[in-house]
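Below you'll find the structure, written out as structure tokens, and then a few comments.
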Amino acid sequence: MPERLFEDFKYFDYKFPEPQYLGAKYVMLDWIRQFIPKDVKSALDAFGGSQSVSFLFKQLGFQTITNDFLNFNYQIGKALIENLSGKLTEDDLIILFQKSPTKSDFTLIENLFTGIFFEKEQAFFLDNFRANIPLLESDYKKALAFTVMFRSITRKITMGHFAHTQALSYASNPERIRRNRSLVRPVKDIFCELLPLYNNAVFDNSQQNISHHKNILELLPEIRNVDLVYFDPPYCNSHADYQSFYHLLETYTEYWKDKEFINGINRYEPQRYSGFDKKSVAIESFEKLFALAEGIPYWLISYNDRSYPAIDVFEQILKKHREVQIETRTYRNGRGGKGSVAGSREILFVCSPKTNISLANCKITMRPFEYWQKLHQSEALGEFNTNRSGLLWLKIKSILRKDLIKDFVASSRCRVSETGLNAQFKELYNLLSGDIETAHSLLDDYTRKISSSQIASVNEQKLSSELYKLKTFDWGGDYQNSLDKYLVSRYIKVDNPSYDNLVAKFVTEINPAVQGYVLNSWYNYWSSVLIENIFKSHSAVLPTIGKIKNVDFFVNDMPFDLKVTYLPAEYIKQKRKEKGLPVELTFLKAQAKALEISYNKDAKPGDVHYEITEKMKDRGDDSSKNVLTRLQTETLSILQDAQQQPKMLAKWLYENQGEMRFGAENRLFLVLVDTGNFADSWKLKRNIDLLKPLVVSYLDDFKNQNIKDLELSFSFKGKPNPFNVLTDIIFIVK
Ligand SMILES: C[S@@+](CC[C@H](N)C(=O)[O-])C[C@H]1O[C@@H](n2cnc3c(N)ncnc32)[C@H](O)[C@@H]1O
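Residue 15 is where the sequence shown starts when you use our numbering, and the numbers rise one by one after that.
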């Protein structure tokens, strides 16, 4: 037998004591095991429950990290996963069964559950045992005492959970007793019978295993260096409410002093927040969960064909992050939990990292630090697209902040002797250049880990709702990006410095202008955060953490700046001309005259356009409708041309950018168009339901793009040489 195979079975003589827990995967372990990749050395069981899957990981010799947001599950993890040697001895049993010196402080179980789940005498025993647990010498022994007791209590209760109250009535029913003797056995007897099974399950797999007790969304940002994560969340459609089913075990562990106990079962209230047990929040929680797990290469996810959301929806969510393979297995008999009804299908999503497209023409010609610094400063960015060492320089720059560098150096075990930030930048670059591909993957892992918590901190739905409060998008003035200058030139440095005139203008001009500026800037800023988050949550995208000039993120290792824009009026004007169509405003004015529609001839062009089109809409007669339809059809055909030849519009956008904000970096343009009313295109920035699927499907497909299709050369007035960039346009059309 090859050595590795032998190694695999080293810990398989240890047996996991059969659990009684809804949704436990105890009977599925052999099946799940086949899908664990061979190179895994450490694994996280994110929703550990009874710890049956963690136990498998431990047996496989992995460093095992387990977690459950309930304290009693955490105790089981501590006893059977983290614990390498602590067992309960005869002496420990003497302590546990002695009359407790502090018994008078321990009456919770008797007070709450006598007559519901236990006779008084059994409840008294449980309180006394609970009072003695803290007297054991180590936390592992304490956890083991809890663990065996949980199982003993559960066995005594019909159905093995605490959401129904038949145990006592069944205990006086001979037929029930014949089927389940435990109903009438003292808990102590059951405990003593089970103990050897648990003691024998404690073993040392030569790893530092850890049990955690957190909501997984809080734990994931702290997790490092894990190869595989197993997700077995409570799916909302069936048996999701673990806190109602197992409230008694949690109350026994926590020994709550500050809770209310409600319903016929005396369940504690308030419950802990899960995020995965209610339909209203489940999808959002899964999206957060997967964004946070980006740094872990392999994911296994247990699911059921009766779960919510449906399998195909869930698969789509997953596909944004990983290559997904779906495995199924049919339940022959129902064993409880998560809809595990006979005939239902158990699903396992087997997920592995996506294969990135490699840059066809990418080189690793090493260049000194200063070379890249100079290119970056002079904004000659083309070479960064094609050289892995230039890309490395950019990625280090993206984490160039004192705290981040310190954290990165510690987590990647590099040694840096410089103390100044810029000197550290150079030192790190030189150090990491020694093994460039390892350096890339270290930086990628680190960046994803940090950015995932930044991403998760944005509550998309809430932010989108806030943005929906803006009813109109009116700047209230033409500021040319500077409200300050605008106010000074119009109201301060004026010919007639009349105080009364100035005060009079507050209500009519100044307040609306300031309000318009602030509201629109607020809208633009927060809608970009919303949009950037969609990009940054995708597995093809590596966000920049700190600000790097001209780079918002890398898509499959290509640096890009994101520009959100509309189909520009000037572009439409130019294309109309090229197509031999009249200038739109001239056409409108002529039509207004013909239809005897009056308008303010002294108003600004934009206002004239608005007045005429609104009046035509209000009239609603055939002639007015024809004019409006004709204009709309013409603009739509310009849009369609741009969609078919995006480079044409991209070139126009580069060549017609403002001189003050000139840039020749790679740009990914998001062009928003509301074809029903072009003037309403600003509203699409907050329309997450429209934006998200389009952006995600673009990024899903990005790896199939041909680099040549992204290459663009453009020139700019006053600059002697042409610029070469990579660019593309994502059209968001409603
Ligand atoms: C289906 S069970 C896991 C069963 C487990 N794989 C086993 O074999 O026993 C789901 C578990 O997730 C836990 N849970 C629910 N929401 C959680 C959250 N937000 N974070 C961590 N654990 C959570 C529940 O307490 C429950 O034990």
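Yeah, the Cβ is synthetic: ideal placement off N, Cα and C, and Gly gets one too.
From a predicted model like this one, the values you see are computed outputs, not experimental measurements.
Rounded separation between residue i and residue j - CA only
i	j	result
Leu74	Leu362	19 Å
Ile109	Phe139	13 Å
Ala215	Lys550	44 Å
Leu36	Gly404	53 Å
Leu516	Gly434	51 Å
Ile744	Trp536	24 Å
Ile237	Gly309	9 Å
Asp575	Ala394	15 Å
Arg429	Glu232	29 Å
Tyr282	Ala527	55 Å
Leu556	Phe275	47 Å
Lys3	Lys631	Shown here, the chain extends from 15 to 748; a query on residue 3 therefore has no answer.
Lys92	Tyr154	6 Å
Tyr269	Pro235	30 Å
Ala678	Val240	39 Å
Asp105	Gln89	21 Å
Thr172	Thr179	9 Å
Tyr25	Ser64	19 Å
Glu610	Phe737	50 Å
Phe134	Lys117	The sequence given here has Lys at residue 134, not Phe. For Lys134 and Lys117, the distance between alpha carbons rounds to 15 Å.
Asp291	Phe259	13 Å
Ala254	Pro248	5 Å
Gln468	Ile50	30 Å
Asp272	Gln257	17 Å
Glu432	Ala453	19 Å
Asn680	Gly448	28 Å
Lys333	Cys365	9 Å
Leu389	Trp666	25 Å
Asp714	Leu705	14 Å
Pro619	Leu314	60 Å
Whole-Å CB distance - residue i paired with residue j, under 8 Å assumed
i	j	result
Tyr322	Lys293	6 Å
Leu653	Leu581	6 Å
Arg199	Pro31	About 17 Å; that fails the 8 Å criterion.
Ala145	Phe120	4 Å
Thr80	Ser225	5 Å
Phe76	Asp59	With a Cβ gap of about 10 Å, Phe76 and Asp59 do not count as contacting.
Phe304	Ile331	7 Å
Leu406	Tyr443	7 Å
Phe300	Tyr317	Not quite, the Cβ-Cβ distance comes to about 11 Å (not below 8 Å), so this is no contact.
Ala137	Glu151	About 27 Å; that fails the 8 Å criterion.
Val597	Lys587	7 Å
Arg336	Pro367	7 Å
Asp514	Glu546	Contact flag wrong, Cβ pair sits at about 47 Å.
Ile419	Gln438	6 Å
Among the options, nearest to residue i - alpha-carbon criterion
i	options	result
Lys699	Gln391, Leu684, Lys507, Leu713	Leu684
Gly278	Leu726, Phe176, Ile506	Phe176
Ile167	Asn125, Asn564, Glu264	Glu264
Arg286	Arg238, His227, Ile237, Asp246	His227
Ile559	Ser465, Asn735, Lys202, Glu625	Ser465
Asn229	Thr342, Tyr269, Asn87	Asn87
Asn614	Ala608, Ile626, Asp53, Phe737	Ile626
Leu595	Phe567, Gly620, Arg644, Asn640	Arg644
Asn525	Tyr505, Asn538, Leu445, Arg462	Tyr505
Asp571	Leu408, Lys134, Asp203	Leu408
Leu242	Leu262, Asp421, Lys55	Lys55
Asn495	Lys603, Gly530, Asn85	Gly530
Ile450	Met380, Arg415, Val709	Met380
Val472	Ala57, Phe730, Glu96, Leu306	Leu306
Gly732	Asn670, Asp53, Phe439, Asn701	Asn670
Ile702	Ile721, Ser541, Ser186, Ile562	Ser541
CB contact check: residue i to chain D, cutoff 9 Å
i	result
Leu84	In summary, chain D is missing from the structure at hand, where a single protein chain is found.
Continuous beta strand (DSSP E) assignments of at least 3 residues falling wholly in the region 253-319: You should have 274-276, 281-283, 312-318.
Every unbroken alpha helix (DSSP H) inside the region 410-449 [4 residues or more]: For the region 410-449, whole alpha helix (DSSP H) runs of length 4 or above, ordered along the chain, are 416-425, 435-446.
Sequence ranges, beta strand (DSSP E) only - wholly within the region 513-580, length at least 3: 555-562, 565-569, 572-580, all fully within the region 513-580.
In chain order, each beta strand (DSSP E) run of at least 3 residues that lies wholly inside the region 56-131: Counting only runs of 3 or more, we get 56-59, 77-81.
Whole runs of the alpha helix (DSSP H) within the region 708-741, excluding any shorter than 4 residues: Annotation: the region 708-741 contains the following complete segments of the alpha helix (DSSP H) (minimum length 4 residues), in chain order: 721-724.
Length-filtered (3 minimum) beta strand (DSSP E) runs lying within the region 619-707: As summarised for the region 619-707, the continuous beta strand (DSSP E) elements at least 3 residues long and confined to that stretch are 681-687, given in chain order.
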